[in-house]
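Peer 1:
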Ligand code: ASP
């Protein structure tokens, strides 16, 4: 059993040592909690669970604490992918739900597995997800400042369960101050991808992640025989050519954990029951 989670990149407003330490402690707690959960649950359920815990922590730009778009509204995106069945389900630009990743998970059993905007919200309401404002005063303050003058922190989890099955989950409040209608990478195969060989969750500038097809490309390379490290190296070299800003976490079928980022400020933690690593 293995687990690796990320808390996105540090934004300019996040650079204080205090916030860094708080994020490190939070990542450590959540990785530990999710690992306990993994002992009796599948990789798929665990990836969604870990991301829901990250969404509930307002330190991150996902769920509670999400960034506000240019029109003053929060729209969130999330996806889960089950490596065994290779099914992805997701929500794009959903408003006013506490845990977008749990709505995404709920959609896995539907024929229509990725829903956007009002459709996603109506589906959530019909399936018992209560109305919930994910706005916090700090994000409103940042938004007001941008309005006057005018960061990041998506979350993700990749897990391998005791049966060797892999899954990935990713959730975001977006880039912040975006044009309403903008689509994030987080609920696409560029930002979140898993099959039986490898599972990947990304963070960074969604447009760069999509242009580089990052998660799907890393997984494809592993399927075709490349080591996880070489697959990351090649994919991040290609990202560099387009001046892309991104980071990713992954586990392959042998249980190898890996992460890389174009700018070394991604916050992440991994845990395999014995060895704990927290970086930021
Ligand atoms: N990838 C997210 C997006 O572009 C942002 C992030 O990772 O912080 O919507």
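Residue numbers (our numbering): 19 to 298.
By construction, the Cβ of each residue, glycine as well, lies at the ideal position given by its N, Cα and C atoms.
Output the distance between the C-alpha atoms of residue 99 and residue 107, rounded to the nearest integer angstrom.
Peer 2: 7 Å
Peer 1: Hey, would you say the C-beta of residue 227 is under 7 Å away from at least one heavy atom of ligand 1?
Peer 2: Flag set: Cβ of residue 227 near ligand 1.
Peer 1: Cβ of residue 27 within 7 Å of any heavy atom in ligand 1?
Peer 2: yes
Peer 1: Expressed to the nearest angstrom, what Euclidean distance is found between the alpha-carbon atoms of residue 122 and residue 181?
Peer 2: Going from the Cα of residue 122 to the Cα of residue 181 covers about 23 Å.
Peer 1: Ordered along the chain, which non-local residues of its own chain (more than five positions away) have a Cβ less than 6 Å from that of residue 168?
Peer 2: Legend: pLDDT at residue 168 = 46, less than 50; position of this residue unreliable, no value from coordinates given.
Peer 1: Do you know how far the Cα of residue 257 is from the Cα of residue 115?
Peer 2: 33 Å
Peer 1: Would you say residue 153 reaches chain D, if we count a Cβ-Cβ gap shorter than 8 Å as a contact?
Peer 2: Among the chains in the structure shown there is no chain D, since it carries only a single protein chain.
Peer 1: According to DSSP, is residue 208 helix, strand or coil?
Peer 2: Three-state DSSP puts residue 208 in coil, outside helix and strand.
Peer 1: Rounded to the nearest angstrom, how far is the Cβ of residue 188 from that of residue 27, given a contact under 8 Å?
Peer 2: Wrong, their Cβ atoms sit about 14 Å apart, outside the cutoff.
Peer 1: Roughly how many whole angstroms lie between the Cα atoms of residue 62 and residue 111?
Peer 2: 22 Å
Peer 1: Buried or exposed: residue 278, going by 16 or more other Cβ atoms within 10 Å of its Cβ?
Peer 2: buried
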